[in-house]
Amino acid sequence: MWDFFFALFYIHAMDRDLKFLEAFRKHVPATAAEYCFQLWKEFPFNFYITKTRQTKLGDFRYRRDQKIQTITINHDLNPYQFLITYVHEVAHHRAFDKFGLNIKPHGREWKTQFQSLISPILNEEVFPKEILIPLKRHMANPKASSGADLFLSKSLKKFENNMSLEISLLADLTPGSFFELQGRAFQKELTRRTRVLCQELKTGRKYLISAHAEVKKIEKS
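1 is the number of the first residue of the sequence shown in the UniProt record's numbering; add one for each residue after it.
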């Protein structure tokens with residue numbers, strides 16, 4: 001009887017492992033799928049591939065009342081963005097497990113874990129050179145989001161399959177250009193590091209908008 005239940009458990013575990021591996025093969029570069037699977041296998045967590053979220057690419061969710069923690073990643077990321085985001089979140093999981101809850105979310109402990117985990121795949125077998133060069137620079141002192149690194153963000157955008165020809169990054173528009181963002185019309189003014197001062201045409205109000213925001217260039221009516 002116990003042999004029977006052990007066999008059922010073993011088959012269930014095999015099926016679960018296969019589903020995880022297939023998910024990685026679908027969403028990350030083929031040369032990194034096995035590595036992503038092993039990161040999960042070493043320190044398991046609940047892993048969900050979710051619908052698109054405008055405010056984040058993925059997240060790590062810690063709950064004191066749960067033994068197994070949760071990582072989520074948006075389903076529509078290109079393979080390189082998905083991979084970077086996944087390792088980013090796994091680094092959170094490892095950092096909290098190793099150092100506890102009193103660390104800063106993107107402090108030294110997380111950065112060290114992130115750098116260590118991404119090191120084995122930081123090569124041209126996984127990333128094209130257009131991404132690898134800015135990614136290596138980014139990883140020297142990783143930020144809370146890859147999107148906060150304008151050069152890396154622009155490189156990753158080149159590999160988006162759903163980028164319309166009408167869509168541009170705000171950083172690529174010349175000052176004085178008019179554009180549309182979330183149904184509102186703006187004029188680009190001054191760039192301030194990673195953000196751009198823009199004026200909304202309808203209200204005259206000024207806003208600081210992320211330089212890597214995807215916008216639609218328009219003509220002033």
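All C-beta atoms, glycine included, are put in the ideal place defined by N, C-alpha and C.
Please state if the CB of F186 and the CB of K216 are separated by a distance shorter than 8 angstroms. no
Exposure label - L18; buried when at least 16 CB within 10 Å: exposed
Checking 8 angstroms against the spacing of the C-beta atoms, do F20 and F47 come in under that value? yes
Is the distance from the Cβ of P79 to the Cβ of V28 below 8 angstroms? yes
Take I131 and list the residues in its own chain whose beta-carbon comes closer than 7 angstroms to its own, dropping the five residues that flank it on each side. Y80, S155, L156
Out of Q66, A33, A32, H75, which has the shortest C-alpha to C-alpha gap to T52? H75
Taking one C-beta from the segment 202-219 and one from the segment 143-151 each time, how about it: are there three or more such pairs within less than 8 angstroms? yes
Can you tell me the Cβ-Cβ gap for F43 and E89, rounded? I've got them flagged as a contact below 8 angstroms. Not quite, the Cβ-Cβ distance comes to about 12 angstroms (not below 8 angstroms), so this is no contact.
Neighbour-count burial assignment, Y86, 16 or more Cβ in a 10 Å radius: buried
Among I103, L83, V196, which residue has its Cα nearest to the Cα of S177? V196
Going by alpha carbons, who is nearest to H138 out of I84, Y35, Q38, K220? I84
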